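Note that our numbering gives residue 67 to position 67 of the sequence shown, counting from 1, and the numbers run on in steps of one.
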Amino acid sequence: MNATLRIGVAAATTAALFGSGQLIPAPAAADDNDNTTELHNVTYIAKVDAWSSGNVVTFMRNDYETASADLDAFGTPFEANTVMSDPSKAGMVIRLRFPTTATVHCEIKVDEVTTVKSERFVNTWGNTNDPHTGAMLCGALISSMA
Numbered sequence: 001m002n003a004t005l006r007i008g009v010a011a012a013t014t015a016a017l018f019g020s021g022q023l024i025p026a027p028a029a030a031d032d033n034d035n036t037t038e039l040h041n042v043t044y045i046a047k048v049d050a051w052s053s054g055n056v057v058t059f060m061r062n063d064y065e066t067a068s069a070d071l072d073a074f075g076t077p078f079e080a081n082t083v084m085s086d087p088s089k090a091g092m093v094i095r096l097r098f099p100t101t102a103t104v105h106c107e108i109k110v111d112e113v114t115t116v117k118s119e120r121f122v123n124t125w126g127n128t129n130d131p132h133t134g135a136m137l138c139g140a141l142i143s144s145m146a
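So, in structure tokens, the structure goes:
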């Protein structure tokens, strides 16, 4: 076997060894800093004690997005369930349509524990230049109230 052939065989063997290492997945390393986020079940409950239509509840659907729903039936509670990684961002706004005046009830539960509960009289006849007239904030401030 001449020197040129030996060098060629050695180069081919080396390339095959390194190339086959690319085909076999490396074992996963243990992660000491487990960054898995704990998720929390959040339940929103809202109720308006008045005969009216056009009332809206806006709530945090997850840590960054809001969702809205109609809140029309007299005394019938609205309920929404969601999952959040940061339950301190759980919040909702209940807006009454003019000329409604009513007692508004809101409640937020995190992992089946009531964290916020409020009931107050909301009037839409106040300062019409104030965008918060006729609205009740419950829990964390959300973008529609800022």
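Ideal Cβ positions, reconstructed from N, Cα and C, are used throughout, including at glycine. Note that the structure is a prediction, hence the values are computed from the model and not measured.
The residue from V48, E79, P87 with its alpha-carbon nearest to that of Y64 is P87.
Straight-line spacing of the CA atoms in A90 and L96 works out to 20 Å. DSSP, reduced to helix, strand and coil, places S88 within a helical segment of the structure shown. In this structure, A73 keeps its C-beta atom at 9 Å or more from the C-beta atom of V56. If you check the CB distance, T37 and N62 do not come in under 9 Å.
A102 places its beta carbon less than 9 Å from that of V122.
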